[in-house]
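Student:
Residue numbers (this note's numbering): 9 to 408.
#1: Within the same chain, show all residues whose beta-carbon is closer than 8 Å to that of residue 365, passing over the 5 residues directly before and after it, in chain order.
#2: With DSSP run on the structure shown, which of helix, strand or coil describes residue 127?
#3: Considering residue 349, what are the terminal residues of the alpha helix (DSSP H) in which it resides?
#4: If we ignore side chains and look at the alpha-carbon of each, how far apart do residue 250 and residue 104 end up?
#5: Keeping to the same chain, check which residues put their C-beta closer than 8 Å to that of residue 177; ignore five residues upstream and five downstream.
#6: Looking only at its own chain, which residues have a Cβ that is under 7 Å from the Cβ of residue 15, when we skip the five neighbours before and after it?
#7: Give, in chain order, every unbroken run of the alpha helix (DSSP H) that is at least 4 residues long and sits entirely within the region 190–239.
#8: Give the DSSP-derived three-state secondary structure of residue 110 in the structure shown.
#9: Under 8 Å between the Cβ atoms of residue 76 and residue 116?
#10: In its own chain, which residues sit with a C-beta less than 7 Å from the C-beta of residue 281, not counting the 5 before and 5 after it?
#11: In the structure shown, what three-state DSSP assignment does residue 310 receive?
#12: For the pair the region 323–332 and the region 290–300, tell me if three or more CB-CB distances fall below 8 Å.
#13: Going by DSSP, what residues sit across from residue 382 in a beta bridge?
#14: Cα separation between residue 265 and residue 349?
#15: Would you say residue 274 and residue 303 are within 8 Å of each other, going by their C-beta atoms?
#16: Assuming residue 359 and residue 379 make a contact with CB atoms under 8 Å, what is their CB distance in whole Å?
#17: CB residue 164 to CB residue 221, shorter than 8 Å?
#18: Which stretch, first to last residue, makes up the alpha helix (DSSP H) that contains residue 31?
#19: Please report the straight-line C-alpha distance between residue 30 and residue 371, rounded to a whole angstrom.
#20: Can you list, in chain order, the residues of its chain whose CB lies under 7 Å from that of residue 394, leaving out five sequence neighbours each side?
#21: So residue 86 is in the alpha helix (DSSP H); what residue range does that whole segment cover?
#22: Please state if the CB of residue 96 and the CB of residue 63 are separated by a distance shorter than 8 Å.
#23: Going by the DSSP bridge assignment, what does residue 115 pair with across the sheet?
#24: Can you look up residue 143 in the DSSP assignment and give me helix, strand or coil?
#25: Between which two residues does the alpha helix (DSSP H) carrying residue 50 extend?
#26: For residue 333, does the three-state DSSP call read helix, strand or coil?
#27: Return yes when at least one heavy atom of the ligand FAD lies under 7 Å from the C-beta of residue 29, else no.
#28: Kindly indicate which residue of 237, 187 and 159 has the alpha-carbon position closest to the one of residue 300.
#29: Rounded to whole angstroms, what is the Cα-Cα separation between residue 248 and residue 255?
#30: Which value, in whole angstroms, describes the spacing of the CA atoms of residue 214 and residue 206?
#31: Using only the alpha-carbon positions, how far apart do residue 139 and residue 131 sit?
#32: What is the C-beta distance between residue 166 and residue 185, in whole angstroms, given that I count them as a contact (C-beta under 8 Å)?
#33: Can you tell which of 369, 305, 243 and 210 has the C-alpha that lies nearest to the C-alpha of residue 355?
#34: Just the C-alpha distance for residue 262 and residue 351, rounded to the nearest angstrom, thanks.
#35: Drop a sphere of 10 angstroms on the beta-carbon of residue 386, count the other beta-carbons inside from all chains shown, and report buried for 16 or more, exposed for fewer.
#36: Can you give me the start and stop residues for the beta strand (DSSP E) that residue 60 sits inside?
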């Protein structure tokens, strides 16, 4: 990775300060205080791999620069900076993600020198360079042909992440999370193949493989799943397939598990384009006893208008909300309102991505029923899950 940073800020002192820190880290840098010269400056330094970008600048603001970076398909990392309202910084960060830009953590002014050093060390350390290169290469190689071959060869495994009742701290269920396995035995996570699956119409094959693998795991160790809910992710693309409820029922009935224990998670970020067909399928799933969950709630479109029409049992709050619960008052207020709304509609609430006790406590006080995340357990294969459950029950039975 080329070591060149470009600093764009209308305050000369800040430009010089960041530049000095770069120099101490043996990283070349350049800066400009007039954002209207941004394109010219980037053209003079095509090796730029990191940009520090202030949002609030005269003549041309940071949002306009974000659009330019998108137009030129900038492949480096971006650090947003602002002394303005935190909400503006958060909005700009979300916009940059939507535009497909790669971001490092944002900086709120005034900042410390250590914050700049941490960013530079994270990006330019030898380990970071190696990991970034490997990941970039792997992601590029996960083409349709490779993904289809892995699916055809059953090169996949299902990992299970426990879901905990936040009030009672009891184990309530698990979510099935698929990983593909490449030819070297390395696990490939959904972020690196799901777009390929949905773009090329492999979603039905993937879902069938996941359900088959779960059924096999259930047959191998039914006690592991006793009295638990089992959440299975389903693409909204499957809601265009009228045979889906019968297909799912046909596979589940080969086990002794009841459909009431199966939760079909439908990602909200993909709107149900054909509402009539979607209603048909969702209604038939409920008639067969399956439960329905809105996955990643808060990231999609038009769901508030459709939620009253669809027979859901559960709402799953997206981790982008959970991550900011203890740091962003707006997110805290919005999450509270979402939970209250869902309760009024008779929906159970699940929060994903819980990583610390403080966040879990906030959600508990909001009367969120179920939580999952690294605070409790990472996704794990069947054998490890059986051991985790045994240990969890043993810990619960210990006297206080």
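Where is the CB? At the ideal position from N, CA and C, for every residue including glycine.
Tutor: Straight from the coordinates:
#1: One-based indexing of the chain shown puts residue 365 at position 357. Result list for residue 365: 383, in chain order.
#2: Along the chain shown, read from residue 1 onward, the residue named residue 127 stands at position 119. Residue state, collapsed to three classes: helix.
#3: On the chain shown, residue 349 is found 341 positions in, with the first residue counted as 1. First-last of the alpha helix (DSSP H) with residue 349: 337–352.
#4: Position 242 of the chain shown holds residue 250. Position 96 of the chain shown holds residue 104. Using only the alpha carbons, I get a separation of about 38 Å.
#5: Numbered from 1 along the chain shown, position 169 holds the residue referred to as residue 177. Correct list, in chain order: 404.
#6: For the purposes of this step, residue 15 is taken as residue 7 along the chain shown, with counting starting at 1. Result list for residue 15: 23, 26, 27, 37, 39 and 60, in chain order.
#7: 202–207 and 211–228
#8: As a working note, residue 110 is residue 102 in the chain shown. Strand, per DSSP.
#9: Taking the first residue of the chain shown as 1, we reach residue 76 at position 68. Taking the first residue of the chain shown as 1, we reach residue 116 at position 108. Contact flag unset, no.
#10: Here residue 281 refers to the residue found at position 273 of the chain shown. Any reading at residue 281 is ruled out, since the residue's pLDDT is 48, under 50, leaving its predicted position unreliable.
#11: Reading the chain shown from its first residue, position 302 is the one you call residue 310. Residue placement at residue 310 cannot be trusted, given a pLDDT of 41 that sits under 50; what the coordinates show is reported in the next sentence. Note: residue 310 maps to coil in three-state DSSP.
#12: no
#13: Here residue 382 refers to the residue found at position 374 when the chain shown is read from its first residue. Per DSSP, none; premise fails for residue 382.
#14: Residue numbering aside, residue 265 sits at position 257 when the chain shown is read from its first letter. Residue numbering aside, residue 349 sits at position 341 when the chain shown is read from its first letter. Cα to Cα, the separation comes out at about 31 Å.
#15: Within the chain shown, residue 274 is the residue found at index 266, counting from 1. Within the chain shown, residue 303 is the residue found at index 295, counting from 1. Contact: yes.
#16: Stepping through the chain shown from its first residue, residue 359 is reached at position 351. Stepping through the chain shown from its first residue, residue 379 is reached at position 371. So it is a contact: roughly 5 Å between Cβ atoms.
#17: What you label residue 164 is simply residue 156 of the chain shown in a count that begins at 1. What you label residue 221 is simply residue 213 of the chain shown in a count that begins at 1. Cβ atoms of residue 164 and residue 221: closer than 8 Å.
#18: On the chain shown, position 23 is the one that residue 31 refers to. 20–32 is the extent of the alpha helix (DSSP H) around residue 31.
#19: Your numbering for residue 30 matches position 22 in the chain shown. Your numbering for residue 371 matches position 363 in the chain shown. So the two alpha carbons sit approximately 41 Å from each other.
#20: Along the chain shown, read from residue 1 onward, the residue named residue 394 stands at position 386. Contacts found: 229 and 232.
#21: For the purposes of this step, residue 86 is identified with residue 78 of the chain shown, where counting begins at 1. Taken as a continuous stretch (DSSP letters only), residue 86 belongs to no alpha helix (DSSP H), being part of the beta strand (DSSP E) at 85–90.
#22: Within the chain shown, numbered from 1, the residue matching residue 63 stands at position 55. Within the chain shown, numbered from 1, the residue matching residue 96 stands at position 88. Contact flag set, yes.
#23: As a working mapping, residue 115 is identified with position 107 in the chain shown. The partner list for residue 115 (beta bridge, DSSP) reads 89.
#24: Residue numbering aside, residue 143 sits at position 135 when the chain shown is read from its first letter. Residue confidence is low: residue 143 scores 38 on pLDDT, short of 50, so the model does not pin down where it sits. No coordinate-derived value is stated.
#25: Locating residue 50 in the chain shown gives position 42, where the first residue counts as 1. That run of the alpha helix (DSSP H) goes 46–52.
#26: On the chain shown, position 325 is the one that residue 333 refers to. Here residue 333 sits in coil by DSSP.
#27: You won't find the ligand FAD in this model; it holds no ligand whatsoever.
#28: Along the chain shown, read from residue 1 onward, the residue named residue 300 stands at position 292. Residue 237 is the option with its Cα nearest to residue 300.
#29: Within the chain shown, the letter at position 240 stands for residue 248. Within the chain shown, the letter at position 247 stands for residue 255. Straight-line Cα distance between these residues: approximately 13 Å.
#30: Working through the chain shown from its first residue, we reach residue 214 at position 206. Working through the chain shown from its first residue, we reach residue 206 at position 198. Computed Cα separation, rounded: 10 Å.
#31: The residue given as residue 139 occupies position 131 in the chain shown. The residue given as residue 131 occupies position 123 in the chain shown. Reliability fails at residue 139, whose pLDDT of 41 lies under 50, so the model's placement of it is uncertain and the value that follows must be treated cautiously. Straight-line Cα distance between these residues: approximately 10 Å.
#32: Your numbering for residue 166 matches position 158 in the chain shown. Your numbering for residue 185 matches position 177 in the chain shown. So it is a contact: roughly 7 Å between Cβ atoms.
#33: Within the chain shown, numbered from 1, the residue matching residue 355 stands at position 347. Checking every option, the nearest Cα to that of residue 355 belongs to 305.
#34: The sequence position of residue 262 within the chain shown is 254, counting from 1. The sequence position of residue 351 within the chain shown is 343, counting from 1. Distance between the alpha carbons of residue 262 and residue 351 is about 34 Å.
#35: Walking along the chain shown from the start, residue 386 turns up at place 378. Looking at its Cβ environment, which holds fewer than 16 other Cβ atoms inside 10 Å, residue 386 is exposed.
#36: Position 52 of the chain shown holds residue 60. 58–62 is the extent of the beta strand (DSSP E) around residue 60.
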